[in-house]
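To get the numbering used here, take the position in the sequence shown, counting from 1, and add 8.
Worksheet: the structure to be examined is printed underneath.
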Amino acid sequence: MKILVVDDERLNLKVAEAYLKNMSGEFEVILCQNPLEVEKLVVENDIDIVLLDIIMPIMNGTEVIEQLRKNHYLNDVQIIILTALSDAETFKVCFDKGADDFLKKPIDVNELQARLKAAIKTRNNAKILKKMYQRLKEQNLELKELNKVIKEAQFYMIQKEKLASIGELAAGVAHEINNPLGYVGSNIETMNNFAEKIKQVVDVYRKSFAGLEQLETQNKEGQAYFTNVHDAERKFKFNFVMDELNSIMKDSGEGIERISKIVQTLKNFARTGAENETAYSNLNSTVEEALLIVKNEAKYTIDIETHLEEVPEMECNSGQLGQVILNILVNAIQAIKAQNRSDRGHITIMTGSAENSVFLKILDDGPGIPEEVLGKIFDPFFTTKDVGQGTGLGLSISHDIIVNKHNGMITAGNNPDGGAWFYITIPLKKEGTDCL
Ligand SMILES: Nc1ncnc2c1ncn2[C@@H]1O[C@H](COP(=O)(O)OP(=O)(O)O)[C@@H](O)[C@H]1O
Ligand SMILES: [Mg+2]
């Protein structure tokens with residue numbers, strides 16, 4: 009315990025010191041003759057108990073108490089006033105200002121011991137309380153941090169859940185579209201056959217018609233019928249219609265085929281359902297499928313170039329890989345579009361293989377990723393986009409899919425001449441397992 013004794017009379021200080029030194033218990037005693045220095049000494053020496061004389065020149069005890077109590081860190085320093093006074097009024101003021109106890113002068117050693125014992129007890133309790141309060145504060149902070157992490161994880165789960173349900177919906181819609189698409193496609197094929205037949209019959213009609221026309225050149229009434237037919241043919245551009253019929257049918261057939269492919273792709277993408285479901289598939293097909301989906305987003309502003317080398321099939325969840333490619337492409341498209349530039353943007357997609365793995369590299373010529381941000385882009389919820397534009401989940405989910413679900417690697421950086429790159433490698437087989 010550290011005790012500060014404050015008295016303007018040196019003799020009194022010495023007496024108090026002698027008493028304290030003789031007492032049992034570990035005391036460190038500091039003496040102070042100048043009341044102006046009390047606060048400084050208390051703070052500097054981390055004093056526990058102050059024995060304070062009341063009547064002093066320069067600054068009296070009540071003022072010292074006031075000063076100490078103003079400092080909220082010194083709230084629980086025990087102040088025992090030393091009073092020779094019969095002045096009850098000052099005595100009262102001392103307690104009003106925050107004194108804890110009093111001792112009558114001249115000091116009686118037993119009384120001093122008793123008062124000190126009480127003060128030490130109070131001081132120790134205050135210290136324990138303070139420590140507990142500090143610990144509580146820390147625990148509260150820890151809890152707040154944990155709460156934040158839980159909330160983020162919850163949001164992450166909800167987003168994943170949402171993605172999954174959107175996937176299911178997409179699969180449902182794709183299935184619904186498939187049915188009418190099937191009969192529209194086969195109808196178009198039939199119509200094409202019918203058109204061919206109609207054309208052949210019309211050909212016969214026309215030839216016979218031309219023959220008849222030749223025979224009836226003298227028949228004025230008959231000629232009027234021929235003219236009507238010629239007029240109608242001109243009016244409705246019959247030759248053009250007959251010529252175009254086939255190519256229109258062909259175009260429509262191709263259109264339907266494309267729609268079928270997109271729907272099929274959507275179904276594949278949506279089939280991410282079973283998280284650990286894997287099968288052998290080709291990375292290039294997954295790239296092509298992802299491209300089919302983002303093409304529309306890019307067509308007016310960005311050229312997408314592909315260099316797809318032949319790659320071996322690998323064991324993977326192609327729906328999830330498609331999601332990764334899509335996330336990276338959408339980010340690149342968004343980054344380029346945000347530049348509001350006058351020239352067209354450029355994205356390059358490359359695939360290839362090494363001995364036991366395949367790789368995918370996607371480069372763009374957008375603004376690139378600021379160096380200070382580069383270390384955070386795979387963190388959940390990290391986004392530089394405005395609220396509502398980005399969730400900051402795309403790359404963290406991609407990281408999870410590549411690293412945790414496929415034992416692969418995903419890295420990102422900036423090209424020397426601007427724009428960002430993303431590099432992914434995936435082992436052909438999941439390590440340590442022959443099949444899944
Ligand atoms: N091609 C890119 N060019 C520039 N910055 C990018 C690119 N791809 C990703 N980023 C940065 O990485 C951040 C995180 O991306 P992502 O996880 O997909 O979340 P979000 O797209 O919702 O912001 C983006 O906000 C952006 O700052
Ligand atoms: Mg994104």
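Even for Gly, the Cβ is constructed at its ideal location relative to N, Cα and C.
Everything numeric in this text was worked out from a predicted model, so none of it was measured.
To which residues does DSSP link residue i through a beta bridge?
i	result
S361	V366
Y288	E323
I418	I432
K356	Just to set this straight, residue 356 is Thr in the shown sequence, not Lys. Per DSSP, E313 and L371.
K10	E36
Does the Cβ-Cβ distance between residue i and residue j come in under 8 Å?
i	j	result
N325	T359	no
K48	T70	no
D61	L90	yes
I88	A134	no
V85	V58	yes
L300	K269	yes
A298	I341	no
G416	I434	yes
K303	L253	no
E160	P388	yes
V46	L76	yes
Q328	I409	yes
L401	Q167	yes
N79	K10	no
A96	I73	no
L12	V50	yes
L445	F35	Within the shown structure, residues of the chain are numbered from 9 to 444, placing residue 445 beyond reach of any answer.
Among the options, whose alpha-carbon lies nearest the alpha-carbon of residue i?
i	options	result
R131	K245, N335, V319 and I55	I55
V14	I267, N42, F430 and D387	N42
S255	N200, D116 and I405	N200
R349	E204, D373 and Y431	D373
T356	I174, W429 and V411	W429
I66	N186, V50 and D16	D16
T98	Q147, K78, L291 and I63	I63
H238	E221, L21, E363 and Q226	E221
T314	G327, L337, V332 and L329	L337
P453	V332, G376 and N195	Nothing can be reported for residue 453, as the shown portion of the chain is limited to 9 through 444.
V181	S293, L44, F202 and Q272	Q272
I370	D394, E197, Q347 and N339	N339
I333	L120, Y431 and K243	Y431
L368	T419, L403 and N412	T419
N195	S216, G261, M322 and Y81	G261
D445	Y164, L44, A122 and G193	Residue coverage of the chain in this structure runs from 9 to 444, which leaves residue 445 outside it and unanswerable.
V366	K145, E379, F386 and L316	L316
E318	A343, F277, S361 and Q397	S361
H4	G219, C40, P378 and K275	Here the chain has residues from 9 to 444 only, and residue 4 is not among them.
N247	V210, A218 and A179	V210
Y233	K145, V117 and A218	A218
E264	Q226, L44, E197 and D394	Looking at the sequence shown, residue 264 is not Glu but Ile. The candidate whose alpha carbon is nearest that of I264 is E197.
A445	K437, L82, N148 and L111	Residue 445 lies beyond the stretch modelled for the chain, which goes from 9 to 444, so this question has no answer here.
G427	F35, A343 and K156	A343
With residue i and residue j assumed to form a contact (beta carbons below 8 Å), what rounded beta-carbon distance in angstroms separates them?
i	j	result
I115	V23	7 Å
L177	I267	Actually they are not in contact, since the Cβ atoms of L177 and I267 sit about 18 Å apart, beyond 8 Å.
T399	V381	About 16 Å; that fails the 8 Å criterion.
T309	R352	6 Å
Y288	E241	Not confirmed; about 59 Å, so no contact.
N335	L403	7 Å
Q121	M31	6 Å
V165	A203	Reading the sequence as shown, one finds Met at residue 165 and not Val. Not confirmed; about 55 Å, so no contact.
Hey, is residue i's beta-carbon within less than 8 Å of any beta-carbon in chain C?
i	result
N20	In the structure shown, chain C does not exist; there is a single protein chain.
_Sequence ranges, alpha helix (DSSP H) only - wholly within the stretch 24–91, length at least 4_ = Segments of the alpha helix (DSSP H) lying fully in the stretch 24–91: 46–53 and 69–78.
Report task. At 3 residues or longer, and completely inside the stretch 105–178: list those beta strand (DSSP E) runs for me, N to C. Result -> Runs of the beta strand (DSSP E) inside the stretch 105–178: 109–112.
Who's in the neighbourhood of ligand 3, going by beta-carbon under 6 Å from any heavy atom, listed in chain order?
This structure lacks ligand 3; its bound ligands are ligand 1 and ligand 2.
To test your reading of the DSSP string, which unbroken alpha helix (DSSP H) runs of 4 or more residues are found completely within the stretch 222–253? The stretch 222–253 contains these whole alpha helix (DSSP H) runs: 228–243.
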